[in-house]
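Contents: one structure, followed by commentary.
Numbering (my numbering), first residue to last: 231 to 360.
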């Protein structure tokens, strides 16, 4: 099985020694995305709903660069700085995964890179299109 690095302008540039995503076989492993605007490279302001939307748009941008969509995501891990934001985050999250949502874990952690309030990583399956 080969491994291929994925990079797109539709998501923020990596802020460290990692790839936006890696394709390995029929899977794409997407690195955790922060609420960073890919155009400015800056963390977006606003509440957890705005930050969640930006993070999911970043993940969506990586997927779209490979001809995939949110429906191809099979596993998501969400890191929240404050689990008190769970319901607000979930409201936005539900609009991106309306049918057959992926498996998911949500974890509260004390600190996220750039002091963001949320980070989301995902795994997508490249299904054979007929």
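A virtual CB, placed ideally from N, CA and C, is assigned to each residue, including glycine.
These figures come from a predicted structure and were not determined experimentally.
Quick one, which of the options has its alpha-carbon nearest residue i's?
i, options, result
"residue 313", "337, 254, 276 and 263", "337"
"residue 295", "238, 233, 356 and 354", "238"
"residue 318", "291, 344 and 348", "348"
"residue 269", "260, 280, 240 and 257", "240"
"residue 325", "248, 290, 354 and 335", "290"
At what residues does the beta strand (DSSP E) containing residue i begin and finish?
i, result
"residue 355", "348-355"
"residue 260", "257-263"
Could you spell out where the alpha helix (DSSP H) holding residue i opens and where it closes?
i, result
"residue 253", "Run containing residue 253: none in the alpha helix (DSSP H); it sits in the beta strand (DSSP E), 251-254."
"residue 297", "Careful: residue 297 lies outside any alpha helix (DSSP H) and carries neither H nor E."
"residue 322", "316-326"
Which residues in the same chain have their Cβ closer than 6 Å to the Cβ of residue i, if we skip the five residues on either side of it in sequence?
i, result
"residue 243", "none"
Tell me the rounded alpha-carbon separation between residue i and residue j.
i, j, result
"residue 278", "residue 234", "33 Å"
"residue 306", "residue 327", "11 Å"
"residue 309", "residue 263", "10 Å"
"residue 311", "residue 254", "30 Å"
Can you tell me whether residue i sits near the ligand FMN, meaning its C-beta is under 7 Å from at least one heavy atom of the ligand?
i, result
"residue 331", "This structure simply doesn't include the ligand FMN, nor any ligand for that matter."
What is the C-beta distance between residue i and residue j, in whole angstroms, given that I count them as a contact (C-beta under 8 Å)?
i, j, result
"residue 322", "residue 352", "About 15 Å separates the two Cβ atoms, so there is no contact after all."
"residue 265", "residue 250", "Not confirmed; about 15 Å, so no contact."
For residue i, which residues in the same chain have their Cβ closer than 7 Å to its Cβ, ignoring the five residues on either side in sequence?
i, result
"residue 283", "322"
"residue 344", "264 and 273"
For residue i, I'd like the list of residues in its chain whose CB is within less than 8 Å of its CB, leaving aside the five on either flank, ordered along the chain.
i, result
"residue 356", "253, 256, 257, 258, 296, 298 and 302"
"residue 360", "In this predicted model, residue 360 has a pLDDT of only 45, less than 50, meaning its place in the structure is not dependable; the value taken from the coordinates is given anyway. Same-chain partners within the cutoff: there are none."
If we cut at 8 Å on Cβ distances, does residue i have a partner in chain C?
i, result
"residue 244", "No chain C appears in this structure, which consists of one protein chain only."
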